[in-house]
Structure formats: structure tokens, C-alpha cells
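J.: One structure is given below, represented as C-alpha cells, and several questions about it will come after.
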Amino acid sequence: MWLKPEEVLLKNALKLWMMERSNDYFVLQRRRGYGEEGGGGLTGLLVGTLDSVLDSTAKVAPFRILHQTPDSQVYLSIACGANREEITKHWEWLEENIMKTLSVFDSNEDITNFVQGKIRGLIAEEGKHSFAKEDDPEKFREALLKFEKCFGLPEQEKLVTYYSCSYWKGRVPCQGWLYLSTNFLSFYSFLLGSEIKLVIAWDAVSKLEKTSNVILTESIHVCSQGENHYFSMFLHINQTYLLMEQLANYAIKRIFDKETFDNDPVLDDPLQITKRLPKEETLKEVHECFLWVPFSHFNTHGKMCISENYICFASQDGNLCSVIIPLREVLAIDKTNDSSKSVIISVKGKTAFRFSEVKEFEQLVAKLRLKCGATSTQYHNISTEVPVSSDSVDPSDDTEVQSLTCQRECSKTVNTEALMTVFHPQNLETLDSKMLKEKMKEQSWNILFSECGRGVSMFRTKKTRDLVVRGIPETLRGELWMLFSGAVNDMAANPGYYAEVVEQSLGTCNLATEEIERDLRRSLPEHPAFQSDTGISALRRVLTAYAFRNPKIGYCQAMNILTSVLLLYAKEEEAFWLLVAVCERMLPDYFNRRIIGALVDQAVFEELIRDHLPQLTEHMTDMTFFSSVSLSWFLTLFISVLPIESAVNVVDCFFYDGIKAILQLGLAILDYNLDKLLACKDDAEAVTALNRFFNNVTNKDSPLPSSVQQGSNVSDEKSSHVRVDITDLIRESNEKYGNIRYEDIHSMRCRNRLYVIQTLEETTKQNVLRVVSQDVKLSLHELDELYVIFKKELFFSYYWCLSSPVLKHHDPSLPYLEQYQIDCQQFRVLYHLLSPWAHSANRDSLALWTFRLLDENSDCLINFKEFSSAIDIMYNGSFTEKLKLLFKLHISPAYTEVQYKDPSKGDELSKEELLYLSQLHVSKPAKEKEAKSAKNSPEKEKEKVNIQAYLSQWQDELLKKEENIKDLPRMNQSEFIQFSKTLYNLFHGDPEEESLYQAIAVVTSLLLRMEEVGRKLHSPTSAMKGLSGVVCVSGVPIEGQAEKPLEKEPSSPREEPQWSFAFEQILASLLNEPALVKFFEKSIDLKAKLENAKTSQLSSRTKK
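Everything in the sequence shown is counted per the working numbering, starting at -8 for the first residue and increasing by one.
Here it is, written out as C-alpha cells:
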């Protein structure tokens, strides 16, 4: 690599460098210890140690070229090289292009200036073909050029950053450079003559974590495809790890989980409070400032986040204070004239928020005033002229008026009251002890409202959490669920939306609605509200409306249990928006076919168990027990295992604290039952112990009637177990595990998401291999290698595709075989890498025809089973099977005439030509084509899985008999000519080329004579024309002579009868030639081909 000329004092460097070549103007040097047997002895070891410690270019460049001027000890470094070959090229270029020119200069200064200018010009020219920019820092530019040259990745691969670190190979550290790019983690080291080059795709990473042990004080552990890699000696290891985690998760979501990638909220900031905003919100600004807390009389330090429609604040200690201010609620924004740099925001309800020590507060005030003006026109029911009321107002009143008006207009069936108020109205005349406690709870909340405000803009403090832990009063539960979950913001942003969706979804019939109908009567069947048509109808409307809104999720079984509880305490429209908040924001990726979110949180739960309950981890031989037990806890928020009167308290905490509350409670439950679980001998006994515990959880303060309470159904006489109050259990979970931070949960989620998705991918692969292995002769190991190459090619196609950031042709909801599919362009690349016939001159045409043959349903995509079946025949097929494959490639529907637009490229097809030709299909009746397409792909363009269609398709495959060669159509004249050409191309370069040409000439001549005799028997006057060009007089084909008549063939008179051949005729003729039989039956080393394909798969893309 050419370097920007820098001065080097040669006198002090002679002990570290050895002279390799020199002339009057240049010196080529080699670093001591490199390229010497034994590492150059003690001197070489010392130099290697220096290279490992010093942050210098020499660390990865053991060779360099210096420019010397006579009578001077100062030299200029102008080039460096990682190996002798690279540096030799630079040296030879200098000798050929520079040496002769330098002799014409009179002064040494002119020579030095000329060399410097030339080298700078070379660097600039080199930079034209690189992503290195002139304004990049010099070190980064050099690192980028090294990265591009060292790893040979495509030029579109963007380097993010690089670090000096050690890579542990066994117990030996190798000092080198770690390069982090958009799709790869790469490491390079050249130390004491030993070169280490490592390239790991981010989407192959299954584990990424920071570790420490006796040898490695702190290192980053990367696990990829079962191999462990350790990197240490980072200057800023936390920063490096965070960046690696972000790159790995971005790649995983983009490739494997595009649904989450598409729906991933743009709002990603350090404040947990912003998770309560609508997912459409985008973070615009973040400011560090102080918020005045009036009821506590102090300023709390934290961060203010601003999105399009909201201002959020959270203190550095997240539990201390947080607040959300919708701009629709803002009445005025002012600034102070003193030195406090304060911004004062006044909202409805006679409340004002004062933010002080805000940088650039004047510009912020101007921006917020503009935003408020736009928001006030959007929410036309809010006016800045509304006077500040002296009483506390519920800001949700305005949105309720809007939504209720729309509901009356659109649908009279939507319930406007919570089911609990209908079926269990509170009787104020008979106040028992429980009702008195309930009233005391309400009074505590009213006191809090008077201090902190009520509604969306209320202060959320430690006192708020303490009241939530005690349980929200029945009358306030719906309102506070809406507030704490952020559902009130969704509903305010979409007035009338629910009523419209209900109208549109009424009468729809699909898989989701069928499952909903089946589960309606199973949702809290013991509760009177769901023993009547009122509750059942409301539940049906909410679930159907959500399935209509979000068909990707549709309906998941746990949703009916959760929604039924929401309907008890919230109005129907509110219950819908609460469900939206849970499914799309608070528990992302939980309620879909793969429940990745729930699996990830279960892995987080297992990690927390290892940290907080190590004795339980040591006792349990298999940690998957906790996953199987806790799945229902996470999916239903403990509603399915706890009595309803206790479960609602858990839901209270969940809406306030999110998944943190569920994790804490899970740990508290295991801790409470620790002794019993340690005494259990197997999983069944442990499950029984937990079930008994759940049956004995009560809520002694619940005001619900005894007929509704589930916990009270178990009599004290029958139960010898101690009853546990849910309030005590939740309080204990907060006291013992309340120190679990949101940031830690987020980090554990990211870390475990890699493992969960890679585990699902491995399951998919094993199922695909199990199915495919039954139909091919390839070994399981060969199929495994082939599957990895197949999938990697699909990924490579989208690594650098700017127009399509997420992976196409991948749908994890489909059956395993259909999850990954490739198009014709991707198939061509794999054909070139793997096919034993890829040396043929018309290999692009062969790849095209093979793809068209495999694409039976004409959707221009093929799956792994279809792909592997073709590879299997090419390598393991008998002579007849290989010949039949070639025969079918040259007849309809696979064969299509290929006309090359650019003759200069020979037989190579452009990507556009290839994709166009792959889409040309034999015309079929529309109805037949549609039926076939639906039959081959029951999932196409439907949101539901057609089970009957899949069963029918499976049955057809089982009953499918081996194709009879007599059923194959005949090959016509033009197809046979192309078939002959293909055979000639396949034989080119073979050691037995001459004998194969002779054999195919004999076979061709014989077939033509047979056809001529047959035609004369039927039509004596017919003559065979245009055939002499196929075979010359001696029987050996002459390429130039063969082409001319073949080109004239299409213009031959149509009235002349067309000759054709059956497959049996061609097979019988070829079997008579031992050379041909030997060629097709010789064994080919697939293992070597697969190894070569793995190493060259990426480099082949670089050349293009």
C-alpha cells in the first residue's frame, strides 16, 4: 500500500529492520522476525513484542519501501506491504516507472519533491476505487485501504471503525487489528511470521458477551457456527462491545426477523419513559437539564427527549421522577430572562413544568412554539385560548368526546362502559372492611393527584410506584392502565379509529376469526361477564378488530385471556388500544407465530435466575424447565396461573414497569418456593409444587364478590398450604429484585435475541435436511454444507443491496422448506460454484434452463429441496438420470431460446437478461395456471395457512410415482441441435475430448439416419436438408462448419416436416458409446467442490 511520505530516521531503525534490496534512490526493508525460521531468534521476539505493544503501521506491515536522498540520514517511507508479493509489486513499479525519470533531475531536493508528488498522486488514484475519502483522517484512510486489500470484501462493504486488540488462539494472544464493518467482523494479525485472518458475518453470530477469567481480565466472546472467539486488550471495551452488539442485532433483524426490522420503532433513546409513546414517534432532540418538582421542592437532573408530538423527561435515577407532556395539552411555552436558562411549559389543568439549565434554550422555545402551533391545528379540539381551570381536569375527556361521537355515528354496538361496572357495581350503602380499604386506596390516589397532577402529564414518582404495588383501586384501574401504558396517547392520535375498524372487520371470515370463535367461551368462563352475550360480543369485536388491524399477528391464543381482563376494567375502545400497546410496544414480537419476544424474555429470565438464584441453577440439570414453565407467565402476564383477583394486581405493575415487573415477580415466586424446588426430584414434581403455590395466592383486599374470586374457591380446611397475599409477594419482588435496571434488561434482550434466532434457524435447517435427505443420495454432511452455501448466497445478495435493505424471499411463517427461496440470478451464482457442468461455454444458458425446470409453480423462485435435487443428480445420478436431466433442460418448459444482446461478452447473460428469460413461461390456460400456483403454494398472498391445501400437496408428493421415460415429450429439431451443442461444450477440456467428440458425432449421425429412414417410410418424397453441417465427412464435428447451417435452420420452409427424437432413442444410441457412458458415470469429488465454493463464494462476488 502506498503511504503518505513521512520522514524516518534510518540510523535508529537499523536494528529493527533488515535490508532486502536497494538502489540509488530506494530501499526495501523487512522487519526483523518476519520470514525467518524460528522467528529470528531473540531479536525477532523483541521486535514482535514491540510491534504488539506499539500502535504503529509496522504491526501489520512487515515490509516497507523508503526513499533515500544521498548524503542524508533522513529517509521517507512511501510504501508498506503485508507480504513479500505485495511489496515486490511496488518495488518493480518504482524501478520501471520512476528510476529512469529521476536521473534527469539536477538537485536532490527536486528528486524528493518529484517522488513525494508521484506517491501522493498514486494514493489519490488508489482512493478513486475505494470508499476512503480525502477528508477522512489519515489513519482511518490507511486503515480502510488495509481493510479493503486484506480481506478482499466487495467495495460496497463499509468500514464502521477499527480497534487494536488481541485475539486469543488457544492460550496464546495474537496482537492485531479488529475491523467492524456493516456485515462482517474481521480480524487480521501478522506476528512472528504467523498470519491470522478471520472474517465472521454478523448474521452468523449466536452469542456475543463480555467475559472475564483468570487469564483474560476482560474480553469479548463471540460465538459463530459453534466456534468460540475471544478478543481482549481493548482501550475502551464497553464502547467496542456496545457497537458490536448494535451491528449484530441490526444484521439479525434485517436478515432473519424482517417483521421486527420493519416495525422497529425509530424512537430509540436512553429513556424508558418514551416506550409509552406511539410507535410512530421519532426522536428529534435530547437535552440534559433540571426539572423543578414542586411538591418535593427540588430540581432533579435528567434528560428531556422531544419527538414530533411529545416532550418526555426522566431523571437520571429513573425511579425518582418522570413525566410525559403531549403537545396537544400545551397552552403556552415561555422562557425566563435570568441566568437559569429555563423553559416553562404550561398545560391544561393549571400545571406548569419548569426545565432549567437547558442549552440553547431560546432556540428550543422557538421550535416548541412552532410544534405546538402545528399540533393545535391537528388536534382541533385543543385550543390555546382555553383558560386554565382551577380544578384538576382529566385530559382524556376531549378524546372521549371525539371517539364516542364517532362511535354513535358508526356503530351502536360498541360498549361504552367497563364490564366490571355493569356486572359488579359498587354498593356504597353496605361498606364492609374490604370496601373501606378500597376507599382508603382511592383517597391515597386522590392525594397523589392533587400533588402530581392527573392525566397524561402527571408526575410519576417513587410514591406512584408504591401505590401501584399496593394495587390500583377498582374504579381507577381502567384510567390508570390507559395512562401508564401510553394507550391514551394512541387513542388520542386516532379518534374514531376503533369504531371504523369494527365496522370493516364485521363479517370477515378467515383463520384468525375461526380461532377467535373457538376461544371466546374459554376466556374467563367462570366470570359472569363472559357467561353473557354482552361480554362475549365485546371480546369478539376487540379481537377481530385487532386481527384486522394487524394481520401479521392476527390472533394468538393468549390474547383472549389478556383481552378479557382488559374488558373488565376498561371501556371497549380503551381495551382495544391497551391490547395494541401490549402487542406492538410493551411486549414486541410476543404474539406471532414464532413468539420470538417471549422466547427472548425467557432466556433473559434464565440468565437472571443464574445471577440471583445460583443454588437453584446448580440443582436443576436442565434450565429449559424454567422456559417451559414460565412461557404462560409471560404470554398472559400470570393471568392464566393466578386467581383473577390477584392477577389484576400483576397487570397493574406490568402497565407501570413493563416486562421488568414480570421478571421480578417470577424471581420472587421461585425464591419463595426455593426449598420446595430444591427438594424436588424431577420436573413433574417441581411443576406440581408451583401449581399448588399459585392456587394458594390470594388478594385479601380485593372487593370482588366471592362468586367471582377464584382464590376463595379453595377452602381453608382442604388446603394445608400457607396462603400468600399477592400484595406481599409483589412488594417482596420489588424489595429484593427492584435493582434490576431497564438498561440491563435491554442488553440481555439483545444478547439473547441472537441466541434465540440462531437456535430457531438451526431448528429450521435440521428439519429441512431431515425432509430433503429422504429424496437424495447426498450425505447429511454434504446436505448441511450445501444448505449453508445456499442460504449464504441469499444473504450475500442483500448485504449490499441498497434498494432492498431487508431479506426478500424469506417468510418464517411458511413451512420449513419454503422459508428460504432463491431467484434465477442467485441460482446462477451457485450453479457456477457447484455444478460439475459449470465449465461449459454455455453455462449461463444451462443455469437458466435448470432453474426453469426446477421452478414448477412458475413463481420465479426455487427452494432448497428443488436446488439440492438438481445437484444430487449431477453428482450422484446414474447415466440415465443425468442424461434425462440434460434432455429435460432442452425441451419445454425448461428450454427457451437465448439470444445474446452483447456478442462481445460471449455466452454470458446480464442479470437483467437472466431474470427476464426466467420469467418467460409456456402459455397455459389462466384457470389451470392459477390452480397449479395455488396448489403448489397454499400460502401465497394469504395471511392464513390453508392446512387442507398443504395436506393435499403432501399426499400428492407421497403418491407421486417415478417419472416414466416414455412420458417425456419428444425433442424437436432446434432443441436437438442445442442439445448436441451442449454435449460438445461439456466435453471441452476433458482428457478424452477427442474420443468423446468422435462418439457424439457417431451418435448424432446414427440418430439422424434413423430419423431419415423413419420419415421415408411415412413420406418417401421427403428429404433431409440442413443436416450435413452437424457432422463432417470424417465424422468429427468442425465448429465453423457446424454453425452456419444451424443458423439457417429457423428460416427453413415451414411446410417441410420437422424431425424429432424420443428420449429412448437418444439413450439407446448413447449407451452404445463406452466413452460417453464413462464420462457421465465417472465419480466427481463433491466434498472438494463444496470446500472450494465456501472459500470462493465471497471472493467471486468481489470480482463482479
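Glycine included, each C-beta is placed from N, C-alpha and C at the ideal position. On a predicted model such as this, the values are computed, not experimentally measured, just so you know.
Determine which residues share a DSSP beta bridge with Lys198 and list them.
T.: Lys198 is bridged to Cys214.
J.: Take Leu67 as the anchor and find which of Ile110, Asn88, His81 has the nearest alpha-carbon.
T.: Checked all of Ile110, Asn88, His81; the closest Cα to Leu67 is Ile110.
J.: CB-CB under 8 Å to Lys856, same chain, minus the five flanking residues each way: which ones, in chain order?
T.: So the qualifying residues of the chain are Val759, Val762, Val763, Asp766, Leu808.
J.: Which residues share a DSSP beta bridge with Trp168?
T.: The partner list for Trp168 (beta bridge, DSSP) reads Ser155, Tyr179.
J.: Would you kindly work out how many angstroms separate the C-alpha atoms of Glu353 and Tyr232, rounded to a whole number?
T.: Distance between the alpha carbons of Glu353 and Tyr232: 38 Å.
J.: Is it buried or exposed for Lys902, if we count other Cβ within 10 angstroms and need 16 for buried?
T.: Burial call: exposed.
J.: Work out the CA separation of Pro53 and Phe105 for me, nearest whole Å.
T.: Computed Cα separation, rounded: 26 Å.
J.: Do Tyr866 and Ile1075 come within 8 Å of each other at the CB atom, strictly closer than that value?
T.: It is a contact, given that the beta carbons lie within the stated cut-off.
J.: Mapping DSSP to helix, strand and coil, what is Gly161?
T.: It is coil, neither helix nor strand.
J.: Does the beta-carbon distance from Ala992 to Leu1067 come in below 8 Å?
T.: No.
J.: So, helix, strand or coil for Gln20, using DSSP?
T.: Gln20 falls in the strand class under three-state DSSP.
J.: How long is the line joining the alpha carbons of Gln393 and Arg445, rounded to whole angstroms?
T.: Its pLDDT being 45, under 50, Gln393 is placed unreliably by the model, and the measurement read from it follows with that caveat. Roughly 20 Å separates the two Cα atoms.
J.: Take every Cβ of the region 654 to 673, pair it with every Cβ of the region 494 to 504, and state whether three or more of those distances are shorter than 8 Å.
T.: Verdict: no, contact absent.
J.: So which of Gln890, Phe684, Phe878 has the shortest CA-CA distance to Asn963?
T.: Comparing Cα positions, the closest option is Phe878.
J.: Pair every Cβ in the region 161 to 168 with every Cβ in the region 190 to 197, then say whether three or more of these pairs are closer than 8 Å.
T.: Verdict: no, contact absent.
J.: With the cut-off set at 8 Å, would you say Leu189 and Ser203 are in Cβ contact?
T.: No, Cβ-Cβ distance for Leu189 and Ser203 is not below 8 Å.
J.: Figure out for me which residue from Leu7, Asp592, His415 has the closest Cα to the Cα of Thr615.
T.: Nearest option by C-alpha distance: Asp592.
J.: Indicate whether at least one CB of chain B lies closer than 8 Å to the CB of Lys432.
T.: Among the chains in the structure shown there is no chain B, since it carries only a single protein chain.
J.: Beta-carbon separation of Ala1084 and Leu825 under 8 Å?
T.: Closer than 8 Å, so yes.
J.: Straight-line CA distance for Ala239 to Phe684?
T.: Computed Cα separation, rounded: 41 Å.
J.: Phe175: which of Leu974, Arg360, Leu19, Tyr790 sits nearest, CA to CA?
T.: Taking only the C-alpha atoms, the option nearest Phe175 is Tyr790.
J.: How far does the alpha helix (DSSP H) with Arg532 in it extend, from its first residue to its last?
T.: Here the alpha helix (DSSP H) through Arg532 covers 524 to 540.
J.: Using a Cβ-Cβ cut-off of 6 Å (strictly less than) and excluding sequence neighbours within five positions of Arg722, which residues of its own chain qualify?
T.: So the qualifying residues of the chain are Val460.
J.: In angstroms with no decimal places, state the Cα-to-Cα distance between Ser631 and Asn640.
T.: Their backbone Cα atoms lie some 14 Å apart in a straight line.
J.: Is the beta carbon of Ser618 sitting closer than 8 Å to the one on Glu597?
T.: It is a contact, given that the beta carbons lie within the stated cut-off.
J.: Is His415 helix, strand or coil when you go by DSSP?
T.: Coil at His415, not helix or strand.
J.: Looking at C-alpha atoms only, which residue of Trp283, Asn690, Ile736 is the closest neighbour of Phe715?
T.: According to the sequence shown, residue 715 is Val rather than Phe. Taking only the C-alpha atoms, the option nearest Val715 is Asn690.
J.: Note down, in chain order, each residue of its chain lying with its Cβ closer than 6 Å to the Cβ of Pro519, except the 5 sequence neighbours on either side.
T.: Counting only Cβ-Cβ distances below 6 Å, and skipping sequence neighbours, we find Phe414.
J.: With three or more C-beta pairs closer than 8 Å as the rule, is the region 534 to 552 touching the region 468 to 476?
T.: Verdict: no, contact absent.
J.: Pair every Cβ in the region 601 to 609 with every Cβ in the region 433 to 448, then say whether three or more of these pairs are closer than 8 Å.
T.: No, the region 601 to 609 is not in contact with the region 433 to 448.
J.: Sort out for me which residues DSSP pairs Val688 with in a bridge.
T.: Answer is Val715.
J.: Check each candidate in Val678, Leu771, Gln655 and name the one with the smallest Cα separation from Asn730.
T.: Closest by alpha carbon: Gln655.
J.: Can you tell me which of the three DSSP states Lys339 falls into?
T.: DSSP places Lys339 in coil when its eight states are reduced to three.
J.: Quick check: Gly143 and Ser788, are their CB atoms within less than 8 Å of each other?
T.: Result no, Cβ atoms of Gly143 and Ser788 do not sit closer than 8 Å.
J.: Could you give the residue range of the alpha helix (DSSP H) that holds Ser836?
T.: Here the alpha helix (DSSP H) through Ser836 covers 834 to 845.
J.: Since I believe Leu19 is in contact with Ile56 (beta carbons under 8 Å), could you give me their beta-carbon distance rounded to a whole number of angstroms?
T.: Their Cβ separation, rounded to whole angstroms, is 5 Å, which keeps Ile56 and Leu19 in contact under 8 Å.
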